[in-house]
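Residue numbers (the working numbering), protein chains in the order written: chain A, 237 to 437; chain B, 3 to 368.
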Amino acid sequence: MRRSGLPESISRLIGELAKLPGIGEKNATRLAFHIFRSPKIYSENLAQAILETKTKVILCDTCFNFASESPCYICSNTDRGNSSICVVEEPLDQLAIEKSKEFSGRYHILHGVISPMDGVGPEDLRIKELITRLEQENIKEVIVATNPSVEGEATSLYLSKLIKPLGIEVSRIAYGVPMGGDIEYIDEITLGKAIRDRKFI
Amino acid sequence: MILKSLTIKNFKSYPAETFSFHNRFNLIIGENAQGKTNLLEAIHFLLSFKPFKQLKTEEIIRFGTNEFKLKGEIESQAGFDEVHILLNENHKTIKINGKIVYKTSKVYGRYNIVTFLPADIELVKGSPQGRRRFLDSVISTLEPAHLADLKLYQRALSQRNAVLAKSSSLTLDKIEVWDQQLAEIGCKVISRRLDYIKKIEPLLTRIYGETSGLDHEIGIHYKSSITISKNLEQEFMDKLKLNFEKDKRRFHTTAGPHRDQISFSISGKDASVYSSQGEAKNLALALKASEIEIIEQELQKVPILLLDDVTSELDGNRKKFLFKLLQKFQGQIFITTTSIKEILYKGQARVFRIKDRTVKQKDIEI
């Protein structure tokens with residue numbers, strides 16, 4: 237889009253912001269003007285923060301989550317259980333599960349799912365590293381928490397085929413009805429799955 | 003369900019036009035190439051969110067413009083809906099009662115239509131894909147989960163084919179994870195098709211008898227690439243395993259619901275090969291009539307009928323049958339024709355006369 241009349245540096249900022257996911261041209265313009273009008277210290281902090289994500293954030297050598305040191309605070313926390321690992325696709329998924337406070341074991345982040353269409357095979361994910369962990373640590377259960385998509389399912393099947401022969405239990409997170417939800421508003425597919433996977437009480 | 007009104011902007015041959023429709027019978031009259039079918043297609047697009055057949059976006063938008071808009075008012079058991087559709091080169095936006103619909107699959111089947119098109123005869127004489135698509139689309143309106151499963155199946159299939167295409171050193175264990183999913187979803191697709199065939203078959207035989215006056219047994223045959231048994235999922239898995247070498251050579255999956263064949267038979271003889279032109283027309287007509295019945299039976303809803311220039315295709319008895327059906331039908335009808343003489347319907351109707359890009363409407367008694 238042409239941004240005639242704008243100083244080049246603001247125009248460039250808009251362009252960069254608009255590259256962010258979920259940010260369109262208009263939103264980017266609003267953000268850029270907000271930054272421009274804020275005190276100088278604000279832009280310094282923002283720039284610093286952005287830069288530091290690239291320079292100071294590393295991947296934990298054990299679980300491959302984003303961290304500032306390796307091993308990360310979860311991997312080095314001795315209060316946490318060390319007999320189970322929860323495998324997720326992305327760091328954000330780990331955050332979501334951590335928020336639930338239901339799981340107090342270890343994590344392992346795959347950084348993606350198997351998707352041959354996009355040229356992503358098992359060797360492109362952190363699967364080899366997971367197996368090494370399973371061989372070294374004393375793990376009894378692996379919980380696979382990949383997304384319920386075709387690719388997420390395939391990845392979980394792949395993992396279970398790989399891990400079960402090691403004599404370690406593999407479980408898959410359940411699907412179903414969200415808490416506090418109204419059954420009438422749940423889509424048929426989720427509801428169908430919830431009915432098929434019902435449990436006795 | 004009744005379509006009260008429709009506003010069109012830049013759709014095919016229409017720059018801008020507003021129509022208010024009759025609750026029962028709407029007759030669209032005009033010479034060829036005046037835009038009768040385009041009006042019918044606009045109605046189809048409004049109610050099913052897609053054109054009659056797969057078209058490129060630029061073929062639907064009026065030449066020289068870059069977006070079209072449709073707005074319609076629909077009254078149904080569920081209440082009153084205002085539907086807006088906006089389509090430009092890269093995006094389709096659907097709004098129902100002011101709210102944007104982000105997933106078309108959520109509203110698919112909300113409005114039910116049955117179309118009678120000159121190309122319907124292809125369902126009998128044409129390719130197996132056409133019949134598969136027809137059956138799948140009927141099932142999807144009755145059971146939206148079918149559409150979702152078809153999409154998932156397609157996704158799993160593309161992934162499996164991508165694995166096959168990639169490496170020649172492929173081993174069975176690399177493809178197993180896709181096989182399992184293909185089998186799980188594919189089974190649901192096959193079982194649903196078999197269930198609905200069983201439901202449609204008796205309707206079809208009865209209605210075919212009414213169109214032809216003859217007592218022929220109509221069969222719908224589902225020839226699956228998977229052995230149909232109690233344990234379909236296991237059969238599917240076994241078949242994929244068995245076909246592994248073949249699939250690897252051909253770089254794609256050679257068994258599954260995407261390859262299954264559906265055929266019709268009249269008194270035991272394959273209709274795509276042995277039926278006469280007349281028999282094929284009867285059968286196509288009977289298929290569409292059974293589609294109406296199955297919607298009424300399964301959903302307790304009355305669909306809207308769209309008939310495009312069918313009267314010129316039909317003669318004598320078939321025409322009589324069709325108009326008897328339309329006369330008896332409880333819902334709203336849209337029909338295009340070149341001449342009012344072709345229409346054997348009796349009752350109140352609204353006529354839309356289309357000529358030289360202008361539309362004149364008038365209520366008459368025919």
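We treat Cβ as the ideally placed atom computed from N, Cα and C, and that holds for glycine.
Residue j beta carbon less than 9 Å from that of residue i
i, j, result
"Glu203(B)", "Gly221(B)", "yes"
"Glu424(A)", "Ala150(B)", "yes"
"Gln334(B)", "Ile306(B)", "yes"
"Glu300(B)", "Leu144(B)", "yes"
"Ala268(A)", "Leu282(A)", "no"
"Lys14(B)", "Ala121(B)", "no"
"Asp360(A)", "Ile345(A)", "no"
"Asn374(A)", "Asn301(A)", "no"
"Ser265(B)", "Arg133(B)", "yes"
"Glu61(B)", "Glu91(B)", "no"
"Glu334(A)", "Ile363(A)", "no"
"Tyr110(B)", "Ile76(B)", "no"
"Leu72(B)", "Lys11(B)", "yes"
"Ile321(A)", "Arg369(A)", "yes"
"Lys343(B)", "Gln329(B)", "no"
"Phe323(B)", "Glu212(B)", "yes"
"Ile2(B)", "Leu29(B)", "The requested residue 2(B) does not occur in the structure, where chain B is confined to residues 3 to 368."
"Arg252(B)", "Ser227(B)", "no"
"Val126(B)", "Tyr198(B)", "no"
"Tyr224(B)", "Asn284(B)", "no"
"Leu234(B)", "Ile187(B)", "no"
"Leu206(B)", "Leu289(B)", "yes"
"Arg162(B)", "Thr255(B)", "yes"
"Asp175(B)", "Lys400(A)", "no"
"Thr39(B)", "Asp358(B)", "no"
"Asn25(B)", "Ile4(B)", "yes"
"Lys292(A)", "Ser304(A)", "yes"
CB-CB length for residue i against residue j, believed under 8 Å
i, j, result
"Thr59(B)", "Leu89(B)", "6 Å"
"Arg355(B)", "Ile102(B)", "Not really, about 36 Å apart at Cβ, beyond 8 Å."
"Val386(A)", "Ala158(B)", "5 Å"
"Leu152(B)", "Val191(B)", "6 Å"
"Ile98(B)", "Phe51(B)", "Not a contact, Cβ separation roughly 10 Å."
"Glu338(A)", "Gly388(A)", "Not quite, the Cβ-Cβ distance comes to about 19 Å (not below 8 Å), so this is no contact."
"Val304(B)", "Gln332(B)", "5 Å"
"Leu48(B)", "Gly74(B)", "4 Å"
"Pro352(A)", "Val179(B)", "The pair is not a contact, with the Cβ atoms about 10 Å apart (cut-off 8 Å)."
"Leu395(A)", "Val413(A)", "Wrong, their Cβ atoms sit about 26 Å apart, outside the cutoff."
"Phe21(B)", "Leu8(B)", "5 Å"
"Ala410(A)", "Gln183(B)", "The pair is not a contact, with the Cβ atoms about 18 Å apart (cut-off 8 Å)."
Residue-level contact to chain A via CB, residue i, 9 Å cutoff
i, result
"Val109(B)", "no"
"Phe13(B)", "no"
CB contact below 9 Å: residue i versus chain B
i, result
"Met237(A)", "Any reading at Met237(A) needs caution, since the residue's pLDDT is 49, under 50, leaving its predicted position unreliable; the model's value is listed next. Closer than 9 Å: no."
"Ser247(A)", "no"
Where residue i meets chain B, residues with beta-carbon distance less than 9 Å
i, result
"Ser351(A)", "Gln161 and Ala164"
Under 8 Å from the C-beta of residue i: neighbouring residues of chain B
i, result
"Gly428(A)", "Ala147"
Neighbouring residues, chain A, relative to residue i (Cβ below 7 Å)
i, result
"Gln182(B)", "Leu393"
Amino acids of chain A, ordered along the chain, whose beta-carbon sits closer than 9 Å to that of residue i
i, result
"Lys168(B)", "Pro352, Gly355 and Gly357"
The ligand PLP heavy atom lying under 8 Å from the CB of residue i
i, result
"Pro384(A)", "By its list of ligands, the structure shown contains no ligand whatsoever, and the ligand PLP lies outside what it can speak to."
| Contact residues within the region 386-406 of chain A, judged by C-beta distance below 8 Å to chain B | Val386, Glu387, Glu389, Ala390, Thr391, Leu393, Tyr394 and Lys397
| said: Any C-beta of chain A within less than 7 Å: which residues of the region 131-160 of chain B qualify? | reply: Pro146, Ala147, Ala150, Leu154, Arg157, Ala158 and Ser160
| field | chain B contacts from the region 354-371 of chain A (Cβ-Cβ distance under 7 Å) | value | none
| request: Note down, in chain order, all residues in the region 409-435 of chain A with a beta-carbon under 8 Å from any beta-carbon belonging to chain B. | output: Asp423, Glu424, Ile425 and Gly428
| field | Chain-ordered residues of the region 173-207 of chain B with a beta carbon less than 9 Å from chain A | value | Asp175, Lys176, Glu178, Val179, Trp180, Gln182, Gln183, Glu186 and Ile187
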